[in-house]
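Residue numbers (our numbering), protein chains in the order written: chain A, 68 to 233; chain B, 68 to 233. Each remark here refers to the structure printed beneath this line.
Structure below.
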């Protein structure tokens, strides 16, 4: 008798309250990365993803996330980040910078906007200027940086680990 | 003056000892997923990825990881998992099962083989029968499961969080 049996379609975890986490993406080079970020955000119970630019999100990759969360399109991220900060959100960039905190050691405020960077350019200077905090994921090998969707998944996981009830 | 300035090519974290973590993949539907797992493993300092099947690993996705780690090809995973268990590794499956532990609450043994599942089939019964433990990542929204490369990234992050020195 196999001690481990598959559980398909386990009911999703119930949050005590809605996650206020927001994910913000600049124009990305790869539509696949954007779609992967949207799917991971949906799985994590995120209700709001803000994407600058007009890249299509492939529903074959993003799956049901597009019905679960609101995907907001903006021409640029700066105005909406300023507005969210006014509403009490902390603007947290996922980037290697001179003043980044190790993601493993960062205590996320519940009301966080996680801002990710373009695959090549990372977070541009105008967005770096708007951050309250920057977090980075330790790299221990090669290549010396994570793919943006991979890094976002890790940051989403860390946030959810800190707020398992929402 | 921008408080956060980019740091490109920060020297990678130095491990006090080599990571004994091994990642094992069954034949996957998507070569892209395999390549993404290989890249994330390399970034995390993993030195050994075992892949069943003969799927090509796109170097544009996997980047320098292919020079950093050993990618071993096997016809099937079962024999090598049995052998690694004999060597003292714990065989840990990443899968929703009747007896899975929440990844956030799982204390990884240092010598772990992380076994991931196929995109559609998950971990097959013959592999489930070889597990010492199964871990799963809580899902809080839709879709109700993580992409395999996304889930692997989260599990790698959690392992590295527990063993920041290797």
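We put the CB at the ideal spot given by N, CA and C, even for glycine. Quick caveat: nothing in here was measured; it's all calculated off a predicted structure.
Problem set entry | residue 79 (chain A) and residue 233 (chain B) closer than 8 Å at C-beta | Position 12 of the first chain, counting from 1, holds the residue named residue 79 (chain A). Position 166 of the second chain, counting from 1, holds the residue named residue 233 (chain B). In this structure, residue 233 (chain B) does not lie closer than 8 Å to residue 79 (chain A) by Cβ.
For this session: Could you tell me the distance, in whole angstroms, from the CA atom of residue 133 (chain A) to the CA atom of residue 106 (chain A)?
Result: If you number the first chain from 1, residue 133 (chain A) lands on position 66. If you number the first chain from 1, residue 106 (chain A) lands on position 39. Approximately 8 Å between the Cα atoms of the pair.
Exercise. Looking at chain A, which residues of the region 163–181 of chain B have a Cβ within less than 9 Å of any of its Cβ atoms?
Worked result: Going along the region 163–181 of chain B in chain order, one finds 163, 164, 165, 166, 167, 169, 170 and 171 with a Cβ nearer than 9 Å to chain A.
Exercise. Taking the Cβ atom as the reference point for each residue, do residue 123 (chain A) and residue 144 (chain A) lie within a distance shorter than 8 Å?
Worked result: As a position in the first chain, residue 123 (chain A) is number 56, starting the count at 1. As a position in the first chain, residue 144 (chain A) is number 77, starting the count at 1. No, the Cβ-Cβ distance between residue 123 (chain A) and residue 144 (chain A) is not below 8 Å.
For this session: Provide the residue span of the alpha helix (DSSP H) that contains residue 193 (chain B), from first to last.
Result: Locating residue 193 (chain B) in the second chain gives position 126, where the first residue counts as 1. 192–195 is the extent of the alpha helix (DSSP H) around residue 193 (chain B).
For this session: Go ahead and label residue 150 (chain B) buried or exposed: buried means 16 or more other beta carbons lie within 10 angstroms of its beta carbon, across all protein chains shown.
Result: Stepping through the second chain from its first residue, residue 150 (chain B) is reached at position 83. Residue 150 (chain B) should be labelled exposed.
For this session: Check whether the Cβ atoms of residue 55 (chain A) and residue 198 (chain A) sit closer than 8 Å, and answer yes or no.
Result: The question about residue 55 (chain A) has no answer here: the residues shown for chain A are numbered 68 through 233.
For this session: Output the residue ranges of the beta strand (DSSP E) runs that lie fully inside the region 99–186 of chain B and measure 3 residues or longer, sorted by chain position.
Result: Within the region 99–186 of chain B, the complete beta strand (DSSP E) runs of at least 3 residues are 115–119, 137–141, 157–161 and 179–182.
For this session: Tell me, please, whether the CB atom of residue 106 (chain B) is closer than 8 Å to any CB atom in chain A?
Result: One-based indexing of the second chain puts residue 106 (chain B) at position 39. True, the Cβ-Cβ gap to chain A drops below 8 Å.
Exercise. Is it buried or exposed for residue 188 (chain A), if we count other Cβ within 10 angstroms and need 16 for buried?
Worked result: Here residue 188 (chain A) is taken as the residue at index 121 of the first chain, counted from 1. Exposed, since its Cβ has fewer than 16 Cβ neighbours within 10 Å.
For this session: State the Cα-Cα distance for the pair residue 185 (chain B) and residue 185 (chain A), rounded to the nearest angstrom.
Result: Against the second chain, residue 185 (chain B) aligns to sequence position 118. Against the first chain, residue 185 (chain A) aligns to sequence position 118. A direct Cα-Cα distance of roughly 29 Å separates residue 185 (chain B) from residue 185 (chain A).
Problem set entry | Nearest-angstrom beta carbon gap, residue 91 (chain B) and residue 181 (chain B) [assumed within contact, 8 Å] | Within the second chain, numbered from 1, the residue matching residue 181 (chain B) stands at position 114. Within the second chain, numbered from 1, the residue matching residue 91 (chain B) stands at position 24. Indeed they touch by this definition, with Cβ atoms about 7 Å apart.
For this session: Inspect the beta-carbon positions of residue 191 (chain B) and residue 72 (chain A) and report whether they are closer than 8 Å.
Result: For the purposes of this step, residue 191 (chain B) is taken as residue 124 along the second chain, with counting starting at 1. For the purposes of this step, residue 72 (chain A) is taken as residue 5 along the first chain, with counting starting at 1. No, Cβ-Cβ distance for residue 191 (chain B) and residue 72 (chain A) is not below 8 Å.
Exercise. Can a CB atom of chain A be found closer than 8 Å to the CB of residue 103 (chain B)?
Worked result: One-based indexing of the second chain puts residue 103 (chain B) at position 36. The beta-carbon of residue 103 (chain B) is placed less than 8 Å from the nearest beta-carbon of chain A.
Exercise. Is there at least one Cβ from chain B nearer than 8 Å to residue 224 (chain A)'s Cβ?
Worked result: The residue labelled residue 224 (chain A) in the question sits at position 157 within the first chain. Interface residue, yes.
Problem set entry | Backbone secondary structure at residue 91 (chain A) - three-state DSSP | The count along the first chain starts at 1 and reaches residue 91 (chain A) at position 24. Correct three-state label for residue 91 (chain A): strand.
Exercise. So, does the CB of residue 156 (chain B) fall closer than 8 Å to a CB anywhere in chain A?
Worked result: On the second chain, residue 156 (chain B) is found 89 positions in, with the first residue counted as 1. Closer than 8 Å: no.
Exercise. Does residue 117 (chain B) get closer than 8 Å to chain A when you measure Cβ to Cβ?
Worked result: As a first step, residue 117 (chain B) is located in the second chain; it is residue number 50 there, counting from the start. At least 8 Å separates the CB of residue 117 (chain B) from every CB of chain A.
Exercise. Closest by CA to residue 104 (chain B), which one among B:228, B:200 and B:215?
Worked result: On the second chain, position 37 is the one that residue 104 (chain B) refers to. Of B:228, B:200 and B:215, the residue nearest in Cα terms is B:215.
For this session: May I ask you to list, following chain order, the residues of the region 204–217 of chain B that have a beta carbon less than 8 Å from some beta carbon of chain A?
Result: Under the 8 Å Cβ criterion, the region 204–217 of chain B contributes 204, 205, 206, 207, 208, 209, 210, 211, 212, 213, 214, 216 and 217.
Exercise. Per DSSP, what kind of secondary structure is residue 203 (chain B) in: helix, strand or coil?
Worked result: Counted from its first residue, the second chain places residue 203 (chain B) at position 136. Residue 203 (chain B) falls in the strand class under three-state DSSP.
Exercise. What are the start and end residues of the alpha helix (DSSP H) that includes residue 228 (chain B)?
Worked result: For this step, residue 228 (chain B) is matched to residue 161 along the second chain. That run of the alpha helix (DSSP H) goes 215–229.
Exercise. Which class does residue 189 (chain B) belong to by DSSP, given the choice of helix, strand or coil?
Worked result: Walking along the second chain from the start, residue 189 (chain B) turns up at place 122. Note: residue 189 (chain B) maps to strand in three-state DSSP.
Exercise. Can you tell which of A:196, A:224, A:69 and A:166 has the C-alpha that lies nearest to the C-alpha of residue 203 (chain A)?
Worked result: Position 136 of the first chain, counting from 1, holds the residue named residue 203 (chain A). If we check each option's Cα against that of residue 203 (chain A), A:166 comes out closest.
Problem set entry | chain B contacts made by the region 181–199 of chain A, where a contact means CB separation under 8 Å | For the region 181–199 of chain A, the set of residues with a beta-carbon nearer than 8 Å to any beta-carbon of chain B comprises 189, 190, 192, 195, 196 and 198, in chain order.
Exercise. Just how far apart, CA to CA, sit residue 87 (chain B) and residue 99 (chain A)?
Worked result: For the purposes of this step, residue 87 (chain B) is taken as residue 20 along the second chain, with counting starting at 1. For the purposes of this step, residue 99 (chain A) is taken as residue 32 along the first chain, with counting starting at 1. Taking the straight line joining both Cα atoms gives about 32 Å.
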